[in-house]
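4 protein chains.
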Amino acid sequence: MTEKTFHINLTCEDRPGIVAAVTTELAGLGANIAESNQFWDRQTNRFFMRIAVTAPQGVERDGLLRALEPAIARFDMKTAIADTARRPKIIIMVSKFDHALLHLLYQIRVGWLDAEVVAVVSNHGDSRSTAEMEGIPYHCWKVTKDNKQEQEAKLLDLFKETGADLVILARYMQVLSNDLSNRLYGKVINIHHSFLPSFKGAKPYHQAHERGVKLIGATAHYVTPDLDEGPIIEQETERVTHAMTAEDFVATGRDIESRVLARAVKLHLENRVMMNGHKTVVFG
Amino acid sequence: MTEKTFHINLTCEDRPGIVAAVTTELAGLGANIAESNQFWDRQTNRFFMRIAVTAPQGVERDGLLRALEPAIARFDMKTAIADTARRPKIIIMVSKFDHALLHLLYQIRVGWLDAEVVAVVSNHGDSRSTAEMEGIPYHCWKVTKDNKQEQEAKLLDLFKETGADLVILARYMQVLSNDLSNRLYGKVINIHHSFLPSFKGAKPYHQAHERGVKLIGATAHYVTPDLDEGPIIEQETERVTHAMTAEDFVATGRDIESRVLARAVKLHLENRVMMNGHKTVVFG
Amino acid sequence: MTEKTFHINLTCEDRPGIVAAVTTELAGLGANIAESNQFWDRQTNRFFMRIAVTAPQGVERDGLLRALEPAIARFDMKTAIADTARRPKIIIMVSKFDHALLHLLYQIRVGWLDAEVVAVVSNHGDSRSTAEMEGIPYHCWKVTKDNKQEQEAKLLDLFKETGADLVILARYMQVLSNDLSNRLYGKVINIHHSFLPSFKGAKPYHQAHERGVKLIGATAHYVTPDLDEGPIIEQETERVTHAMTAEDFVATGRDIESRVLARAVKLHLENRVMMNGHKTVVFG
Amino acid sequence: MTEKTFHINLTCEDRPGIVAAVTTELAGLGANIAESNQFWDRQTNRFFMRIAVTAPQGVERDGLLRALEPAIARFDMKTAIADTARRPKIIIMVSKFDHALLHLLYQIRVGWLDAEVVAVVSNHGDSRSTAEMEGIPYHCWKVTKDNKQEQEAKLLDLFKETGADLVILARYMQVLSNDLSNRLYGKVINIHHSFLPSFKGAKPYHQAHERGVKLIGATAHYVTPDLDEGPIIEQETERVTHAMTAEDFVATGRDIESRVLARAVKLHLENRVMMNGHKTVVFG
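So the sequences go chain by chain: A, B, C and D.
Each residue of the first sequence is one higher than the last, beginning at 0 in numbering that gives the first Met the number 0.
Each residue of the second sequence is one higher than the last, beginning at 0 in numbering that gives the first Met the number 0.
Each residue of the third sequence is one higher than the last, beginning at 0 in numbering that gives the first Met the number 0.
Each residue of the fourth sequence is one higher than the last, beginning at 0 in numbering that gives the first Met the number 0.
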């Protein structure tokens, strides 16, 4: 058969009738709701919804949008519709530590993540062979104080030329400028190697070791101009002991970071994450 | 204000239009969807839905049911509507170990669980003072091979007389008869002190210790005639070591059991658990 | 039989021969090592050891100490020897939220924690009946800016008079003065209701909710003059979602706090925690 | 400097004086105890100990053994001494699913696991390029009912010729014969893709899905003639939901299996695992 699946995300001020209006239009097209999630933020009276629909042959993204237009207007909704037949395109950025990159590539290879890596960008040469073996274009762009603006311009060009949907900072150790963070708002996911908001900034495992914590963690978040303050998508912690060195924390952390980042990317690519101010709604 | 909140649970064969039909009727009543969850079981093509609605003054359970009747008939739905203003009534059964009982009573006291305990039933006298201090009727019904049928008849009477909604076996060490299990199908939750299906039957912590496992767990499930085979609602595990005795396992297990049971009871009382054959759908 | 068990804790600069010297003396007394843990902190070259020994009839704490004296002198050890036949005495302090208090009392009742509660002290009257039912002296000492010094003096007197070994702040919402923190250094355990160092200070669950974290936690630590900076004994986290309110965080947190505090207290009472500067060594 | 580190593992019937006897000999050689763990199994009165010592220049494995010989004889100890300067050699066996293999190779590459992979053996051709890229000899030995004995003989020859210390079944889907299991007793680690003893045998994730569990897990254990009954080294579980398919369980399981197997292998290679009948003592 030639059914297609679409993800519809919408948000608006909450009031009665939203779900009825949307689902009635979908039923009118013969579309079936495969999955539906919603959240009403009582603090802000904001309503969030994600619907996965299977639509009969001939119903395309444009047709869905047209059918929903009256409801969108009536409730003043922000809407996004994704055609799951179109494979999302991602750019992965990495510095020297490549565990998170390798984990992403593996999860794509076995089909758990559904995405096409259109480029690997690094400020180091280390991962060139990894990228090339997978047939992924590799760009080694060293970053200095002087050329940062220029290199970020190249990244933005690459993003546009490749039609990329998402940039993943898989242990990329350069801070993006405020300007770039704003331009790619909601389209850059970073993995921070601590349980935020603990241990912001550099060398978080060493900070954690110095503090004597009994758990360490990792946090995947959207990048915003406020460093390490972006909306959190996913977190996880694991137990550590006094007998472990800071390097043992780093090694334990590698696994946590890899998993947390991969899960956050999957949630994003499946359109399960919606921005709610500086927080996220995650329809897991 | 005098808004009321209702939980609507429904299940039927999946086909397009279900959500639209139901939510359109709800919108027609001016009811607002506060929360909605659904699940389509592709293996069986079965559809499950739970909606929490806030209805304007004057709309009652009967009115909701009437409004939904055409949709119920059209899609051949099984439906349940709960008025959250009516506090659920529960009977807690316990033998000697009272940690799970105490945890339930505490969670009710602080309001995390919303329920009225209409009776504590035990085959031992140990928890009498606990029950009495909280002003809960306490029934000590010793069970022997000879009087088991009679005692179960008393339990069934108590269930009817008190208008109870749920029986909780909070470490009640007697096995319910097949007959009683069938009569109270879906209305009895047990906590089994192992990670089912491992270590069914008696002394699971000692079995686990003997096997040398590195994690122990607990399982809350509905009671069915097949002992320890009922639909699982909630499970959790915790790490153990070779240095721990079977008694240490028991002590660690107390916390796990208390939490897992309380969470399962909360999910049930909030109508978040739906039976799907011998499995459950849990809208957490 | 009349064997007795002792816990010997010692710390000194690391060099060869420490274990041999100590265990040779113990063997000379006919004492058997039931459990032994050690840690060499390479950063500071500090050595830490805990030994649980069963000693034959007639060997007492003093005899052990005398036997170990040459080794203590030779390696310049700090040593503590606890006779497990002597039940530790504890003072529990609480404000309004009583879940952590109740959990401690329950764990003592079932024998998981081995301690005698010599007093419950509160700045509120709420837990009086709980304490009295267990036959524990209850002191309601309101604290104001004006009488704080006086009330702390009463606490210190109580500590001395009762021969208490440990003060537990089981959600006691008053900050101890620097002076008292110093006088009771290493003898006061607090439960902070966040995953430290995140969300220090007041209303941590509300801070966490505002930040949009995906995990919340609790931290048991020794009290020092630096608020929320004391050596961490135990931590744990649990998953939360965007759909939970700050109050849901509080409810989830109650269980975490109760468990984390009880585990930290057990570790301390079993002499498994040793101070290592502003960190702890925990022989779990 | 030229200090060397050795791991000394010993087990014997428990009685006073063991630790003193052993550590006195070590002190006599000027060896320093970097780490020490012990366990007294009260059920069987068996004593287990692992000591990591740094020995001064000139002290070798033979010298340590000679020094300990009187103690070994006196207490009838079973002893093993490993020179950590000698890198352990491992053979990894794999069928089609290569996630656990890749994770092991990665952990070796970054130094978290210290081992030399002397061969990858498979009954399929899939991982040939992976092995060859790392310069590891690859053997594709198809197994049928008729040639099983012959292929196992080749494996045993390979084990001897390469001087291998450990065989790792990293999702190798053939069952080893009783004869081979016995010959390599304690030297073969398997990852079973369930939380044993639940879901032994084939397709455990599908069994788990059918049962409707809320957690899935993985178990690393030594291989014995009793299939899926070998001594457990390490286990872990992760949460699943009704909304996940059996294939989602498989995908979630990949991460768990990879981590659990890698941790078990690390524990084994660091001589932290000791057999205690059909259980293990794990000095983590």
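Glycine is no exception: its CB is placed at the ideal position from the N, C-alpha and C atoms.
Close to B/Trp39, with beta-carbon spacing below 7 Å, lies no residue of chain C; the smallest spacing is near 21 Å.
Listed in chain order, the positions of the stretch 258 to 270 of chain B with a beta carbon within less than 9 Å of a beta carbon of chain C are Arg258, Ala261. When 7 Å is used as the limit between beta carbons, B/Thr23 is near these residues of chain A: Ala19, Thr23, in chain order. The beta carbons of A/Ala169 and A/Leu100 sit closer together than 7 Å. Each residue's CA atom was taken as its position, placing B/Phe5 and B/Ile89 some 19 Å apart.
Taking A/Ser121 as reference, the option from A/Lys153, A/Leu260, A/Leu28, A/Glu59 with the minimal CA-CA separation is A/Lys153. At least one beta carbon of chain A lies nearer than 7 Å to the beta carbon of C/Leu214. Membership of D/Val272 in the beta strand (DSSP E) is indicated by the continuous run 272 to 275.
Residue contact with chain D for C/Gly16: present (Cβ-Cβ distance below 7 Å to some residue of chain D). Approximately 6 Å separates the beta-carbon atoms of C/Asn31 and C/Val52; this is inside 8 Å, confirming the contact.
Of all residues in the stretch 173 to 202 of chain B, only Phe194, Pro196, Ser197 place a beta-carbon less than 7 Å from a beta-carbon of chain D. Cα atoms of A/Leu25 and D/Tyr221: separation of roughly 55 Å, rounded to the nearest angstrom. Legend: CB atoms of the stretch 235 to 246 of chain B lying less than 7 Å from CB atoms of chain A are not found in any residue. When CB distances to chain C are screened at a threshold of 8 Å, not a single residue of the stretch 44 to 64 of chain A falls below it. When the five nearest sequence neighbours on each side are left out, the beta carbons in the same chain lying within less than 7 Å of the beta carbon of D/Asp82 are those of Lys3, Phe5, Arg60, in order along the chain. Counting along the chain, A/Arg182 sits inside the alpha helix (DSSP H) bounded by residues 177 to 182. For D/Tyr204, the three-state secondary structure derived from DSSP is helix.
The beta carbons of C/Leu179 and C/Glu160 sit no closer together than 7 Å.
With distances taken between CA atoms, D/Glu115 lies nearest to D/Glu133 out of D/Glu133, D/His98, D/Leu195, D/Arg127. In the structure shown, the three-state DSSP call for C/Phe248 is helix. For B/Met76 and B/Ala70, the gap between their C-alpha atoms comes out near 8 Å. Each of D/Ala219, D/Leu214, D/Phe158 was checked against the Cα of B/Ala219, and the nearest Cα belongs to D/Leu214. C/Lys147 and C/Lys141 have their C-alpha atoms roughly 9 Å apart.
B/Ile17: member of the alpha helix (DSSP H) spanning 17 to 27, first to last residue. Following the DSSP letters along the chain, one finds D/Met172 in no alpha helix (DSSP H), marked with neither H nor E. Its chain contains Val120, Leu168, Tyr171 as the residues whose beta carbon lies nearer than 6 Å to that of C/Met92, once the 5 sequence neighbours on both sides are disregarded; these appear in chain order. By the rule that beta-carbons nearer than 7 Å mark a contact, D/Lys278 touches chain B. Here D/Thr143 is exposed, its C-beta having fewer than 16 other C-beta atoms within 10 Å. For A/Val120, the pairing in a beta bridge is given by DSSP as A/Met92, A/His138. Neighbours of D/Ala250 in chain A, taken as residues whose beta carbon is under 7 Å from its own, are Trp111 in chain order. In the three-state scheme derived from DSSP, where H, G and I count as helix and E and B as strand, B/Lys147 is classed as helix. Between C/His208 and A/Val281, the gap from beta carbon to beta carbon reaches 7 Å or more.
B/Lys159 carries a helical assignment under DSSP once its states are collapsed to helix, strand and coil. Here C/Gln42 carries a coil assignment [DSSP, helix/strand/coil]. Taking a Cβ-Cβ cut-off of 9 Å, C/Ile255 has no neighbours in chain A, whose nearest Cβ is about 12 Å from it. Interface with chain C (7 Å Cβ-Cβ cutoff): D/Gly229 is excluded.
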